[in-house]
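*Asks:* In the working numbering, the protein residues as written are 4 to 55.
Just so you know, even glycine gets a beta-carbon here, dropped at the ideal spot from N, CA and C.
All values reported here derive from a predicted model rather than from experimental measurement.
(1) Give me the Cα-Cα distance between residue 25 and residue 14, rounded to the nearest whole angstrom.
(2) Counting only the same chain and skipping the five closest in sequence on each side, list residues whose C-beta sits under 8 angstroms from that of residue 40.
(3) For residue 35 and residue 19, what's the separation of their Cα atoms in angstroms?
Next up, the structure:
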């Protein structure tokens, strides 16, 4: 049994891999931006000291 990717020629596979890498890069960047938006206020908050 063959899969769809087995039926693609090498240039088509390379294009597909490039598209997937681009999509993953975009997704990773969006995740980093979202994390920054969440944690930036925490990082900017004044620190607290713990006393015993």
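*Replies:* For this structure:
(1) Between the alpha carbons of residue 25 and residue 14 lies a gap of roughly 16 angstroms.
(2) Cβ neighbours of residue 40 beyond the five flanking positions: none.
(3) So the two alpha carbons sit approximately 24 angstroms from each other.
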